[in-house]
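Numbering-wise, the sequence shown is residues 5 to 240 according to the numbering used here.
All C-beta atoms, glycine included, are put in the ideal place defined by N, C-alpha and C.
Note that the structure is predicted; figures quoted are calculated from it, not measured.
The next block holds one structure in the form of structure tokens; read it before the comments.
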Amino acid sequence: RRDMKATWKDVRWSEWKRHGRCKSKDGGWEGRSRMRRVGRERRRGGTSAWTVRAWPEWTPGFDTETLVIEGTTCTVAALLAVAVDARPRGSAVPSLVETKASELHGRGLFAKANIARGTTLGRYPGRRRTPQQMVEKCERAPRAKEYVYQTEEGVFLDPTDSEGKLSNKPGPGPPWPFPVQVEMALANEPPPGSGGANVEFQEKRSDVILVSTRDVAAGEELFLDYGTRYSRSGYA
Numbered sequence: 005r006r007d008m009k010a011t012w013k014d015v016r017w018s019e020w021k022r023h024g025r026c027k028s029k030d031g032g033w034e035g036r037s038r039m040r041r042v043g044r045e046r047r048r049g050g051t052s053a054w055t056v057r058a059w060p061e062w063t064p065g066f067d068t069e070t071l072v073i074e075g076t077t078c079t080v081a082a083l084l085a086v087a088v089d090a091r092p093r094g095s096a097v098p099s100l101v102e103t104k105a106s107e108l109h110g111r112g113l114f115a116k117a118n119i120a121r122g123t124t125l126g127r128y129p130g131r132r133r134t135p136q137q138m139v140e141k142c143e144r145a146p147r148a149k150e151y152v153y154q155t156e157e158g159v160f161l162d163p164t165d166s167e168g169k170l171s172n173k174p175g176p177g178p179p180w181p182f183p184v185q186v187e188m189a190l191a192n193e194p195p196p197g198s199g200g201a202n203v204e205f206q207e208k209r210s211d212v213i214l215v216s217t218r219d220v221a222a223g224e225e226l227f228l229d230y231g232t233r234y235s236r237s238g239y240a
């Protein structure tokens, strides 16, 4: 539209100059009157030769190839957004933590180097699941409840596979090509009479991160309070 306005302005000025500036006084008046008449015809929807010459020809239409490309792009972007939101989470700082056999229970999480208070050590692994989805999975794979983490919003992080075993490729769920780190799921609770937990979970947006609550020496096992929402019915 901007180009159209520019074209109309150029034509109007050229006709004004030809009829109003380059002729006699009467001719100039005639030229200005004629331009006013043409302007009124344009506003009223007239189709005089003056107005037709003032506007470039334009025929509306659709580029089928462009529409197909744009539609495909939007579809792929939407599917990618869904896949990213449903992706399994999980990370660990390899220079700070490691997993090895624990004297307390199975495998545990240990400090690989000296850790200062307030240090982020990683993110809890798993796919986000609703309570109903988690109940259905635990019915099929009861072992899954040993590692699942329930957030304050009531969403569950499930780091297990379809059989309920801890896995770096949790499932079932939409395909995701990258494995996740599951070290944070191996932190044990502190035994009775110990110094208590030295790390804690903090929820930030859709992630649950593990943060040290005090200075931890290298080689020390990291203990975590699982909270009141965790079932300890399987404890000996």
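- Taking the CA atoms as reference points, GLY75 sits about 29 Å from ARG132.
- For secondary structure counted as the beta strand (DSSP E) over 3 or more consecutive residues, the region 77-144 holds these complete runs in sequence order: 93-96, 101-105, 111-115 and 124-133.
- In chain order, ARG93, GLY94, SER95, MET188, ASP211, VAL212 and ILE213 place their CB closer than 7 Å to the CB of ARG127, counting only its own chain and leaving out the 5 sequence neighbours on each side.
- Inter-residue distance for SER99 and ASN202 is about 18 Å (C-alpha atoms, whole angstroms).
- In the assembly as shown, ALA105 is an exposed residue. Its beta-carbon has fewer than 16 other beta-carbons within 10 Å.
- About 17 Å separates the beta carbon of ILE119 from that of ASP229, a gap too long to meet the 8 Å contact definition.
- The beta-carbon distance between LEU190 and ARG111, rounded to whole angstroms, is 5 Å. This is short enough to meet the 8 Å contact definition.
- In terms of CA proximity to GLN185, PRO129 leads the group ARG91, GLY231 and PRO129.
- If you check the CB distance, THR164 and TYR153 do not come in under 8 Å.
- Apart from the 5 residues on each side of it in sequence, ALA117 sits with its Cβ closer than 7 Å to the Cβ of SER99, LEU100 and ALA222 in its chain, given in chain order.
- Residue burial annotation: PRO146 is exposed, with fewer than 16 other C-beta atoms found within 10 angstroms of its C-beta.
- Collapsing the DSSP output to three states places GLU204 in a strand.
- In this chain, LEU226 is not harboured by any beta strand (DSSP E), its DSSP state being neither H nor E.
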